[in-house]
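Trainee: Counting from 1 along the sequence shown, just add 7 to a position and that's the residue number in the working numbering.
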Amino acid sequence: MDPSTSSVSALYAHSRADAFDFYANTIHALVYGVHATLFFICFIALVKRRRTHPRQSYAYIAYILTHFVFATTAFAAFSYIAQVAFVVRPSFPEGPHDYLMNSLSYWSLHVVYILYMCTSWLQDLLLIWRCCMFWNHNVYVLIVPFALVLASFATGSVYLVEIGRRGVTSTQSLPFHLFETYWAVEITTTTVITTMIAGKLIYTRCQLKTVIGKSQLKPYLTVAAMVIESGILFSVAALGFLVSYACQSPFQSVALCVVAQITSIAPLLIILRVAQGDSITQETSQEVTIELHISDDTASSVGEQCTTRSWTAPTLEEPQPHEVAGREANKVIHITSLDVSSRTIAV
Numbered sequence: 008m009d010p011s012t013s014s015v016s017a018l019y020a021h022s023r024a025d026a027f028d029f030y031a032n033t034i035h036a037l038v039y040g041v042h043a044t045l046f047f048i049c050f051i052a053l054v055k056r057r058r059t060h061p062r063q064s065y066a067y068i069a070y071i072l073t074h075f076v077f078a079t080t081a082f083a084a085f086s087y088i089a090q091v092a093f094v095v096r097p098s099f100p101e102g103p104h105d106y107l108m109n110s111l112s113y114w115s116l117h118v119v120y121i122l123y124m125c126t127s128w129l130q131d132l133l134l135i136w137r138c139c140m141f142w143n144h145n146v147y148v149l150i151v152p153f154a155l156v157l158a159s160f161a162t163g164s165v166y167l168v169e170i171g172r173r174g175v176t177s178t179q180s181l182p183f184h185l186f187e188t189y190w191a192v193e194i195t196t197t198t199v200i201t202t203m204i205a206g207k208l209i210y211t212r213c214q215l216k217t218v219i220g221k222s223q224l225k226p227y228l229t230v231a232a233m234v235i236e237s238g239i240l241f242s243v244a245a246l247g248f249l250v251s252y253a254c255q256s257p258f259q260s261v262a263l264c265v266v267a268q269i270t271s272i273a274p275l276l277i278i279l280r281v282a283q284g285d286s287i288t289q290e291t292s293q294e295v296t297i298e299l300h301i302s303d304d305t306a307s308s309v310g311e312q313c314t315t316r317s318w319t320a321p322t323l324e325e326p327q328p329h330e331v332a333g334r335e336a337n338k339v340i341h342i343t344s345l346d347v348s349s350r351t352i353a354v
């Protein structure tokens with residue numbers, strides 16, 4: 008290859024990487040704006056709710072405030088190092104992108120990684136708690152998710168210790184591919200937990216649909232509700248980042264900035280549904296028992312004995328005691344403690 012052609016190609020590659028880093032900072036600011044807006048909306052909703060649910064509301068306020076402080080501090084630190092790369096050190100030998108990729112030893116980038124990892128662990132803990140409620144506090148169901156959270160914490164902690172050592176300037180110089188390992192474990196953790204939550208939601212939807220009817224469930228057990236409740240947004244965004252990182256695509260900087268804020272946005276969307284009364288809470292995680300009684304006449308007509316089938320599902324926000332009865336082919340359906348006239352059936 009002609010040396011001049013090679014140098015032009017290298018210059019184009021560096022310019023393209025610099026451009027994506029510039030786009031990443033802009034998109035980072037936009038996504039942070041979404042986070043800040045959701046935070047204040049959620050904060051106001053929780054403040055209004057604290058009179059009826061004081062302990063839960065204050066706990067959620069402390070949780071989202073921690074997320075917001077961590078994300079804001081990390082965003083400020085990242086903006087500072089980007090300003091250094093593009094304004095103070097634009098004449099770095101390989102350009103701003105190379106400066107950012109080799110600035111792992113700077114304190115500002117340490118702050119960014121530490122705080123964003125803490126927000127991802129906080130997100131995992133919230134998903135674990137939500138999964139626990141959806142599965143009626145079944146300890147055995149949580150063994151695998153909890154083990155994955157511990158693995159994520161362990162690999163992340165080792166990664167933070169390694170980047171604090173002297174001489175480490177980029178993720179490529181870390182042993183055992185720690186950066187890739189951490190993200191692989193974190194994505195696996197959130198994917199497993201979100202799959203368990205979404206699976207439980209789909210199962211509950213199918214069961215309730217046969218009893219209540221699709222029209223009553225449509226506003227609440229929608230695909231959007233399942234996506235929000237399961238926190239799958241982070242899994243999709245993080246997977247996009249990991250793929251772009253493995254392919255050495257300059258798009259990885261944009262994806263990383265989006266993922267960094269989604270670790271706080273996904274929990275905010277879940278808590279906002281709780282604050283608005285559209286989601287399952289700890290206080291209302293009692294069981295709804297639905298029994299299908301087949302009458303003696305119907306049983307004898309088909310040569311069967313009278314049988315009773317029952318199944319349980321988590322109750323919903325602020326249930327009202329009602330009894331709904333319906334007859335179809337001599338079947339009587341009894342639903343205890345389930346309000347189908349308002350948002351109380353929302354999952």
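Positions of the beta carbon are idealized from the N, C-alpha and C atoms, including for glycine.
1. Who are the near neighbours of arginine 23 in its chain, counting only those whose CB is closer than 8 Å to its CB and skipping five residues on each side?
2. Can you grab the Cα-Cα spacing for the pair phenylalanine 27 / valine 146, in whole Å?
3. Suppose the cutoff is 6 Å on Cβ atoms and the five residues either side in sequence are ignored; what does the same chain contact list for serine 271 look like?
4. Select from Val76, Val151 and Phe153 the residue whose C-alpha is nearest the C-alpha of isoleucine 122.
5. The alpha helix (DSSP H) spanning proline 152 covers which residue range?
6. What is the rounded straight-line gap between the Cα of phenylalanine 85 and the Cα of glutamate 169?
7. What's the C-alpha gap between valine 38 and alanine 273?
8. Got a sec? Which residues, its chain only, sit under 6 Å from alanine 262 by beta carbon, not counting five neighbours each side?
9. Using only the alpha-carbon positions, how far apart do glutamine 63 and arginine 57 sit?
10. Taking C-alpha atoms, which residue in Met124, Met140, Thr195 and Cys139 lies nearest to tyrosine 166?
11. Valine 119 to alanine 69, Cα distance in whole Å?
12. Tell me which residues share the same chain as threonine 3 and place their Cβ nearer than 6 Å to its Cβ, disregarding the 5 neighbours each side in the sequence.
13. Could you have a look at proline 257 and say whether DSSP puts it in helix, strand or coil?
14. Give the C-beta separation of threonine 211 and serine 159 to the nearest angstrom, bearing in mind that I take them to be a contact with Cβ-Cβ under 8 Å.
15. Could you give the first and the last residue of the continuous alpha helix (DSSP H) run that contains arginine 57?
16. Using only the alpha-carbon positions, how far apart do leucine 157 and cysteine 139 sit?
17. Need the endpoints of the alpha helix (DSSP H) that tyrosine 113 sits in, please.
18. Can you tell me whether alanine 244 is buried or exposed, with buried defined as 16 or more other CB within 10 angstroms of its CB?
19. Could you check which residue in Cys264, Gly171, Ile48 and Thr198 has the C-alpha nearest to that of tyrosine 30?
20. Would DSSP call valine 146 helix, strand or coil?
21. So, helix, strand or coil for glycine 284, using DSSP?
Mentor: Based on what the coordinates show:
1. Pro257
2. 45 Å
3. Taking serine 271 as the centre and dropping the five residues before and after it, the same chain places the C-beta of His42, His74, Ala78 and Thr126 closer than 6 Å to its C-beta, in chain order.
4. A quick correction: the sequence has leucine, not isoleucine, at residue 122. For the residues Val76, Val151 and Phe153, the minimum Cα distance to leucine 122 belongs to Val76.
5. 150-170
6. 20 Å
7. 12 Å
8. Gly247, Phe248 and Ser251
9. 8 Å
10. Met124
11. 21 Å
12. With the chain running from 8 to 354 in the structure shown, residue 3 is simply not present.
13. coil
14. Threonine 211 to serine 159, Cβ: 28 Å. No contact.
15. Taken as a continuous stretch (DSSP letters only), arginine 57 belongs to no alpha helix (DSSP H), as it is neither H nor E.
16. Cα-Cα distance, rounded: 16 Å.
17. Per DSSP, tyrosine 113 belongs to no alpha helix (DSSP H) and is neither H nor E.
18. By the 10 Å Cβ count, alanine 244 comes out buried.
19. Cys264
20. coil
21. Glycine 284 falls in the coil class under three-state DSSP.
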